[in-house]
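Engineer: Structure incoming, see below.
Protein chains: 2
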Amino acid sequence: MSTNTKRARRNNTDPESTRQEILQAALEVLAKDGPENLSVTEVARRAGVNRGTAYQHFPTREDLAHATANWVSQRMYEEFYGDAKELWEKNEPYPPDLAQERLSNFAMNNPELSQAWLFDVMTTGGEVTDPFWKEYVHRLQEFVDEGHGRKDVDVEVFAFITLVSSLLWPLWVGAHAKGDKSRKKMQQRFFDEMMRLVLFGSLVPERHAELVERFGGKRT
Amino acid sequence: MSTNTKRARRNNTDPESTRQEILQAALEVLAKDGPENLSVTEVARRAGVNRGTAYQHFPTREDLAHATANWVSQRMYEEFYGDAKELWEKNEPYPPDLAQERLSNFAMNNPELSQAWLFDVMTTGGEVTDPFWKEYVHRLQEFVDEGHGRKDVDVEVFAFITLVSSLLWPLWVGAHAKGDKSRKKMQQRFFDEMMRLVLFGSLVPERHAELVERFGGKRT
DNA sequence: CCAATAGTCAACAGTGGTGTATACTACTGA
DNA sequence: TCAGTAGTATACACCACTGTTGACTATTGG
Chain G
1 MSTNTKRARR NNTDPESTRQ EILQAALEVL AKDGPENLSV TEVARRAGVN
51 RGTAYQHFPT REDLAHATAN WVSQRMYEEF YGDAKELWEK NEPYPPDLAQ
101 ERLSNFAMNN PELSQAWLFD VMTTGGEVTD PFWKEYVHRL QEFVDEGHGR
151 KDVDVEVFAF ITLVSSLLWP LWVGAHAKGD KSRKKMQQRF FDEMMRLVLF
201 GSLVPERHAE LVERFGGKRT
Chain W
1001 MSTNTKRARR NNTDPESTRQ EILQAALEVL AKDGPENLSV TEVARRAGVN
1051 RGTAYQHFPT REDLAHATAN WVSQRMYEEF YGDAKELWEK NEPYPPDLAQ
1101 ERLSNFAMNN PELSQAWLFD VMTTGGEVTD PFWKEYVHRL QEFVDEGHGR
1151 KDVDVEVFAF ITLVSSLLWP LWVGAHAKGD KSRKKMQQRF FDEMMRLVLF
1201 GSLVPERHAE LVERFGGKRT
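Chains G and W, in that order, give the protein sequences.
1 is the number of the first residue of the first sequence in my numbering; add one for each residue after it.
1001 is the number of the first residue of the second sequence in my numbering; add one for each residue after it.
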């Protein structure tokens, strides 16, 4: 064993780092079991932290659950929009391929975060005020208003479709995963198809004249 | 109390109906808590059935979980494709608006079923062999092959996008729901936007010539 | 060196789920 | 009428998680 003490001593001097480790573990448990089934015991185990320590940071199970949900929402926002501030300030539009690539990569690299966020925003009341969702819709609306997107797009619904499927795709692929290169290939396929879809749609218009008439005549 | 017996007698003669009630309750619990957290006690309570009865039908918790998952997949298939056999036999294509409307309605009317199915197919190994998923992809592939859809569609990815977002939309809306008519309106919005998307895409091609070049040059 | 801090460890009562077993009740068909 | 079936009621041993407490240990700043 490494030291004489039975457990490796933790960075004693930095309670914040311990807190982060607990939250990170809680996030993983959250993604695995859902918000209703978050267990302090399991979180502590996974964080490599004594259960008592977890209770020092978060007095009750509920406190931990709420803290984790907030943390998830915040990280979701920061990790996604953190380094995109410059673009906005220059008032340049976020190119759609970059946006989608960024979203795809993010989802692929943070499957638990994606799942936990979806879990939370789906089940626990929804929180239309979730900052990440609001920002996502807002940016998309601006993009459309500036003439890059079709004027007849229902931005909220469209945002939902792209966001949800992008976030869930890695989980779907992960569940059916064979190898690691296979997953990369799947990510590429998703990106290509999503770009293709938003550019051209999926139906052959000539074969569906009635539908074109019915759904194309609204605005623009 | 209504009778002298403390509990209302159940339809004694029909164990199958009891089994169905247990499975239905299990489905609801499954949708609420996820497959890993299905509790026999909770299911029995919800089904209005004695816990012992549940154990007579399903010897262990795992048996109940598996039986429910199978039942979900089967119901998913039947309720969705049950009365569409005639169309196929006449070799007529399923009109895309009807397909989407059917999918939307189904998801709206069976939110637990949708959620449980997604839960199951996402987490527990995935089961690419899920009959409903296979059929969904298969029909879509035929539709494209017959020239109704663009030849460059990645059918599996496209199927994923439409299916997942259609199934999750009612949950999203339900979480953020105000009234009942509001939910109907939201269903209409989703349907319209999805049809619009598959018909026309969401970007203005002239504004994205480079992307059109990049993603439009594959096939057809 | 000393006190405060951050964390470990062990124990405990309480709750709630699992799986099993046994005695009981009502309904059914032969 | 009587045996079999379907379900009820209850009790039990077992286990896991919750939340609390108290004693302990390593590290750090003054």
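Cβ coordinates follow ideal geometry from the N, Cα and C atoms, glycine included.
Any idea what DSSP makes of G/V52, helix, strand or coil?
Structural biologist: Numbered from 1 along the first sequence, position 52 holds the residue referred to as residue 52 of chain G. According to the sequence shown, residue 52 of chain G is Gly rather than Val. The answer is helix: DSSP assigns G/G52 an H, G or I state.
Engineer: So, with DSSP's three-state summary, where would you put G/S2?
Structural biologist: Taking the first residue of the first sequence as position 1, residue 2 of chain G is located at position 2. At G/S2 the pLDDT is 32, less than 50, meaning the model places this residue with poor confidence and gives no usable figure here.
Engineer: Looking only at C-alpha atoms, which of G/E62, G/D63, G/R46, G/V40 sits nearest to G/G52?
Structural biologist: In the first sequence, the residue the question calls residue 52 of chain G occupies position 52. Nearest option by C-alpha distance: G/V40.
Engineer: Counting only the same chain and skipping the five closest in sequence on each side, list residues whose C-beta sits under 6 Å from that of G/A107.
Structural biologist: For this step, residue 107 of chain G is matched to residue 107 along the first sequence. Only S114, S166, L167, P170 meet the Cβ criterion.
Engineer: Quick check on G/A209: buried or exposed, where buried means 16 or more other Cβ atoms within 10 Å of its Cβ?
Structural biologist: As a working mapping, residue 209 of chain G is identified with position 209 in the first sequence. It counts as exposed.
Engineer: Between W/V1212 and G/L199, which are expected to be in contact by the criterion C-beta below 8 Å, what is the C-beta distance as a whole number of angstroms?
Structural biologist: Locating residue 1212 of chain W in the second sequence gives position 212, where the first residue counts as 1. Locating residue 199 of chain G in the first sequence gives position 199, where the first residue counts as 1. With a Cβ gap of about 6 Å, W/V1212 and G/L199 count as contacting.
Engineer: Of all Cβ atoms in chain W, is any one closer than 9 Å to the Cβ of G/H138?
Structural biologist: Taking the first sequence and counting its residues from 1, one reaches residue 138 of chain G at position 138. G/H138 does not count as touching chain W.
Engineer: DSSP on W/G1149, reduced to helix/strand/coil?
Structural biologist: Position 149 of the second sequence, counted from the first residue, corresponds to residue 1149 of chain W. In the structure shown, W/G1149 sits in a strand (DSSP, three-state: E or B).
Engineer: Using the three-state DSSP reduction, which class does W/L1224 fall into: helix, strand or coil?
Structural biologist: Past the edges of chain W, shown from 1001 to 1220, lies residue 1224 of chain W, and the structure says nothing about it.
Engineer: Could you please tell me which residues of the stretch 1173 to 1207 of chain W, in chain order, have their CB closer than 8 Å to any CB of chain G?
Structural biologist: Against chain G - using a Cβ distance shorter than 8 Å - the residues of the stretch 1173 to 1207 of chain W are A1175, H1176, R1189, F1190, D1192, E1193, M1194, M1195, R1196, L1197, V1198, L1199, F1200, G1201, S1202, L1203, V1204, P1205, R1207.
Engineer: Just curious, the alpha helix (DSSP H) that G/T60 is in, first and last residue?
Structural biologist: Here residue 60 of chain G corresponds to residue number 60 of the first sequence, with the count starting at 1. Here G/T60 belongs to no alpha helix (DSSP H), and DSSP marks it neither H nor E.
Engineer: Rank W/L1203, W/Q1056, W/G1174, W/L1038 by C-alpha distance to the C-alpha of W/N1109 and give the top, closest one.
Structural biologist: Here residue 1109 of chain W is taken as the residue at index 109 of the second sequence, counted from 1. Among W/L1203, W/Q1056, W/G1174, W/L1038, the Cα nearest to that of W/N1109 is on W/G1174.
Engineer: Can a CB atom of chain W be found closer than 9 Å to the CB of G/E42?
Structural biologist: On the first sequence, position 42 is the one that residue 42 of chain G refers to. G/E42 does not count as touching chain W.
Engineer: Taking W/Q1187 as the reference, give the member of W/V1121, W/E1101, W/R1207 with the closest Cα.
Structural biologist: Along the second sequence, read from residue 1 onward, the residue named residue 1187 of chain W stands at position 187. Per the Cα distances, W/E1101.
Engineer: Using a C-beta to C-beta distance shorter than 7 Å, which residues of chain W count as neighbours of G/S165?
Structural biologist: Sequence index remark: in the first sequence, residue 165 of chain G carries index 165 (1-based). Correct list: F1160, I1161, V1164, S1165.
Engineer: What does a CB cutoff of less than 7 Å around G/E28 pick up in its chain, not counting 5 residues either side in sequence?
Structural biologist: Position 28 of the first sequence, counting from 1, holds the residue named residue 28 of chain G. Closer than 7 Å at the Cβ level, and outside the excluded window around G/E28, lie R46, E112.
Engineer: Taking only beta carbons into account, state which residues of the stretch 11 to 39 of chain G come closer than 7 Å to chain W, listed in chain order.
Structural biologist: Per Cβ criterion, the list reads D33, G34, E36, N37.
Engineer: If we define contact as Cβ-Cβ less than 9 Å, is W/H1148 a contact residue for chain G?
Structural biologist: Here residue 1148 of chain W is taken as the residue at index 148 of the second sequence, counted from 1. Interface residue, yes.
Engineer: With a cut-off of 8 Å on the beta carbons, I'd call G/W172 and W/F1158 a contact; round off their distance for me.
Structural biologist: Along the first sequence, one-based indexing puts residue 172 of chain G at 172. Along the second sequence, one-based indexing puts residue 1158 of chain W at 158. Their Cβ separation, rounded to whole angstroms, is 13 Å, which puts G/W172 and W/F1158 out of contact at 8 Å.
Engineer: Given that a residue counts as buried once 16 or more other Cβ atoms are within 10 Å of its Cβ, and exposed if not, what is G/G201?
Structural biologist: The residue you call residue 201 of chain G lines up with position 201 of the first sequence. It counts as buried.
Engineer: How long is the line joining the alpha carbons of W/Q1141 and W/E1156, rounded to whole angstroms?
Structural biologist: Position 141 of the second sequence, counting from 1, holds the residue named residue 1141 of chain W. Position 156 of the second sequence, counting from 1, holds the residue named residue 1156 of chain W. W/Q1141 and W/E1156: Cα-Cα distance of roughly 8 Å.
Engineer: Under 7 Å Cβ to Cβ from G/L163, same chain only, skipping five residues before and after it: list those, please.
Structural biologist: Here residue 163 of chain G refers to the residue found at position 163 of the first sequence. Cβ neighbours of G/L163 beyond the five flanking positions: Y136.
Engineer: Let's test the definition: count the other Cβ atoms within 10 Å of the Cβ of W/D1083 and tell me whether it reaches 16, buried, or not, exposed.
Structural biologist: Position 83 of the second sequence, counting from 1, holds the residue named residue 1083 of chain W. Under this definition W/D1083 is an exposed residue.
Engineer: Are there 16 or more other CB atoms within 10 angstroms of the CB of G/G149, so buried, or fewer, so exposed?
Structural biologist: Here residue 149 of chain G refers to the residue found at position 149 when the first sequence is read from its first residue. Its Cβ being crowded by 16 or more others within 10 Å, G/G149 is buried.
Engineer: From which residue to which residue does the alpha helix (DSSP H) around G/R196 run?
Structural biologist: To locate residue 196 of chain G, count along the first sequence from 1; it is residue 196. Counting along the chain, the alpha helix (DSSP H) containing G/R196 begins and ends at 180 to 200.
Engineer: In this structure, does DSSP put G/R214 in helix, strand or coil?
Structural biologist: On the first sequence, residue 214 of chain G is found 214 positions in, with the first residue counted as 1. Looking at G/R214 - three-state DSSP - the assignment turns out to be helix.
Engineer: So G/P96 contacts chain W; which residues on that side make the cut at Cβ distance below 8 Å?
Structural biologist: Counted from its first residue, the first sequence places residue 96 of chain G at position 96. Under the 8 Å cutoff, chain W gives L1203, H1208, L1211.
Engineer: Would you call the stretch 19 to 33 of chain G and the stretch 54 to 74 of chain G in contact, with 3 or more CB pairs under 8 Å?
Structural biologist: These segments touch.
Engineer: Grab me the residues of W/G1034's own chain with a C-beta within less than 8 Å of its C-beta, minus the 5 sequence neighbours each way, in chain order.
Structural biologist: As a position in the second sequence, residue 1034 of chain W is number 34, starting the count at 1. Closer than 8 Å at Cβ, skipping near neighbours: F1119, T1123.
Engineer: G/L38 and G/A67 look like a contact to me (Cβ under 8 Å); what is the Cβ gap, rounded to whole Å?
Structural biologist: By 1-based counting over the first sequence, the position of residue 38 of chain G is 38. By 1-based counting over the first sequence, the position of residue 67 of chain G is 67. Not a contact, Cβ separation roughly 11 Å.
Engineer: For W/A1026, which residues of its own chain have a beta-carbon under 7 Å away from its beta-carbon, when the five flanking residues on both sides are left out?
Structural biologist: For the purposes of this step, residue 1026 of chain W is taken as the residue at position 26 of the second sequence. Closer than 7 Å at the Cβ level, and outside the excluded window around W/A1026, lie L1038, V1043, L1064, T1068.
Engineer: Is it right to say W/E1193 is buried, meaning 16 or more other beta carbons lie within 10 angstroms of its own, or is it exposed?
Structural biologist: The residue you call residue 1193 of chain W lines up with position 193 of the second sequence. It counts as buried.
Engineer: Can you check whether the C-beta of W/R1132 is within less than 9 Å of a C-beta belonging to chain G?
Structural biologist: For the purposes of this step, residue 1132 of chain W is taken as the residue at position 132 of the second sequence. The sequence shown places Phe at residue 1132 of chain W, rather than the Arg named in the question. No, W/F1132 does not count as interfacial toward chain G.
Engineer: Output, in chain order, the set of chain G residues within a Cβ distance shorter than 7 Å of W/V1157.
Structural biologist: In the second sequence, counting from the first residue as 1, residue 1157 of chain W sits at position 157. Those are R189, F190, E193, listed as they occur along chain G.
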